[in-house]
Amino acid sequence: MEIERNPLTPASEIDLREGRGIESLRAASQHAIPDPEAWMNEEIKRNLLFTTVDGALNWARKSSLWPVTAFTACCTFEFIGASSPRFDIARFGMEVLRASPRQADLLVCAGTLSWKMAPQIKRLYEQMAEPKWVVAMGACAISGGIFHDSYAVVPGYNRLVPVDVYIPGCPPRPEALLAGFETLRKKIAKDSITRPRA
Amino acid sequence: MTTNLDLNSIALRLKEQYGQVVFAEPDYLEVTAGALPHIAGYLKNTPGLDFDFLDMVTAADYTDRFELIYRLVSIKNNTVIALKVKCGRDRAEIPSLAGLWKGAQNQEREIYDLFGISFTGHPDMRRIVLWEGYEGHPLRKDFKEKAYDAGN
Ligand code: SF4
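Here the protein sequences line up with chains A and B, keeping their order.
For the first sequence, the working numbering gives the first residue as -16, with consecutive numbering after it.
For the second sequence, the working numbering gives the first residue as 563, with consecutive numbering after it.
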């Protein structure tokens, strides 16, 4: 069977097609694409930022996490280390430790919690204004740690309050604490005001 | 400057004063529960003894009896002695020393809380570490905790 061959397009024809394409592109490109910000004067240009409501709110919230002063045991000292100049949580806007839960939005559960103290911690959490977050710091706060089977110790803060971030260690070093706070900030950045709150 | 009182001489003085209620052991004095307040008062207030500081009060469970241990310090004489008192397990009661040393108050409450030994004459005999309504006394050897035994 004979194979039918298409004759090759002559070079002159290819050149003509290319020429037509360039001509039409050139005709359509006689003016520069307008600057979408051209309508703004200098003043507006320097003072306007565009974002979403969520973006702005989350940015504000994650940049000003104020912890409530409620610490129960030895892990506290690593938190104190993290909050003092060497590790300096002031870099993240967290240095404002509030003595009143009404002004705080972060509960750092630092340490063993006895059942006798549990109602007070729960009450502190409930007194904090929404939105609020909880970080469980150290083995004791996560699960009761070495005291998990004790008659007097709460085996984990998550029996009382909803925990957002768990930081393991006994105690966790300040670096771990900073990493935990960073995780919390990422979590907050993904939040939305349309999400129903518990 | 400092004189160290020795246990034997203290025991002899107490025996003279109180007779059969004092038993001298190699490193502590044992007294009966009934005589405890008198002897403690004597040790505290007698010039030359001056055991004016109660370092600590604690208790131990020997399964057939409780023993209370009082550590007394005479700062003036640079001397520490231990007083022990035996106490039955069924109706565990001991006279309180809170009237002599205020510092005994909280420690006696702790012993009451964890061993169930009650102190007669104590101004405020309540639990201190655990809460009102808690069942049992955790430092007793026969204490069983539900959560503990279930292993969770
Ligand atoms: S986790 Fe360790 S350091 Fe932290 S409170 Fe418990 S025992 Fe103390």
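Here a beta-carbon is modelled for each residue, glycine too, at the ideal position from N, C-alpha and C.
The model shown is predicted, which means the values in this text are computed figures rather than measured ones.
Open item on the list: Per DSSP, what are the beta-bridge partners of V148(A) in this structure?
Closed with: Partner(s): V118(A).
Open item on the list: If contacts are defined as beta-carbon pairs under 8 Å, then I643(B) and L591(B) qualify, I think. What distance do you get, rounded to the angstrom?
Closed with: 6 Å
TODO: Taking A586(B) and V647(B) to be in contact with their CB atoms under 8 Å, please state how far apart those CB atoms are, rounded to whole angstroms.
DONE: So it is not a contact: roughly 14 Å between Cβ atoms.
TODO: Tell me, to the nearest whole angstrom, how far the beta carbon of V146(A) is from that of L167(A); I am working on the premise that it is less than 8 Å.
DONE: Going by Cβ atoms, the distance from V146(A) to L167(A) rounds to 11 Å, so no, they are not a contact pair.
Open item on the list: Are there any heavy atoms of the ligand SF4 lying less than 8 Å away from the beta-carbon of P154(A), as far as the coordinates show?
Closed with: Remark: the shortest separation between the CB of P154(A) and any heavy atom of the ligand SF4 falls under 8 Å.
- [ ] In angstroms with no decimal places, state the Cα-to-Cα distance between V117(A) and A101(A).
- [x] 15 Å
Task: Identity of the residue in I690(B), E670(B) and N668(B) nearest S97(A) by Cα - done: Distances from the CA of S97(A) to each of I690(B), E670(B) and N668(B) were compared; the closest alpha carbon is that of I690(B).
Task: Partners in chain B for K105(A), counting only beta-carbon separations shorter than 9 Å - done: Chain B residues near K105(A): none, gap ~14 Å exceeds 9 Å.
TODO: Just confirm the distance between the C-beta atoms of M77(A) and W49(A), as a whole number of angstroms; I'd bet it's less than 8 Å.
DONE: 7 Å
TODO: Would you decide whether L8(A) is buried or exposed? Buried here means 16 or more other CB atoms lie within 10 Å of its CB.
DONE: exposed
- [ ] State yes or no: is the C-beta of M77(A) nearer than 8 Å to some heavy atom of the ligand SF4?
- [x] no
TODO: Would you mind giving the Cβ-Cβ distance between Y604(B) and L616(B), rounded to the nearest angstrom? I have them listed as a contact below 8 Å.
DONE: Y604(B) to L616(B), Cβ: 14 Å. No contact.
Open item on the list: I'd like to know whether the C-beta of Y140(A) is nearer than 9 Å to at least one C-beta of chain B.
Closed with: no
- [ ] Tell me whether I129(A) counts as near the ligand SF4, meaning its Cβ is closer than 8 Å to at least one heavy atom of that ligand.
- [x] yes
Task: Euclidean distance between Cα positions of P609(B) and N570(B) - done: 17 Å
Task: Under 9 Å from the C-beta of P700(B): neighbouring residues of chain A - done: The answer, in chain order, is S133, Y134 and A135.
- [ ] Measuring only between beta-carbons, confirm whether E707(B) sits less than 9 Å from chain A.
- [x] yes
Task: chain B within 9 Å of W98(A), Cβ atoms only - done: yes
Open item on the list: Please determine whether the Cβ atom of A122(A) lies at a distance below 8 Å from any heavy atom of the ligand SF4.
Closed with: yes
Open item on the list: Output needed for L161(A): all residues of its chain with C-beta closer than 6 Å, excluding positions within five of it in sequence on either side, in chain order.
Closed with: None.
Open item on the list: For the structure I just gave you, are there three or more beta carbon pairs, one from the region 30 to 37 of chain A and one from the region 59 to 77 of chain A, closer than 8 Å?
Closed with: no
TODO: Buried or exposed for V79(A), please, with buried defined as at least 16 other CB atoms from any protein chain shown within 10 angstroms of its CB.
DONE: exposed
Open item on the list: Distance cutoff 9 Å, beta carbons only. Does V642(B) sit that close to anything in chain A?
Closed with: no
Task: Of the listed residues H14(A), R81(A), Y134(A) and S126(A), nearest to L107(A) (C-alpha basis) - done: Per the Cα distances, R81(A).
Task: Cβ neighbour criterion (16 or more within 10 Å) applied to L645(B) - done: buried
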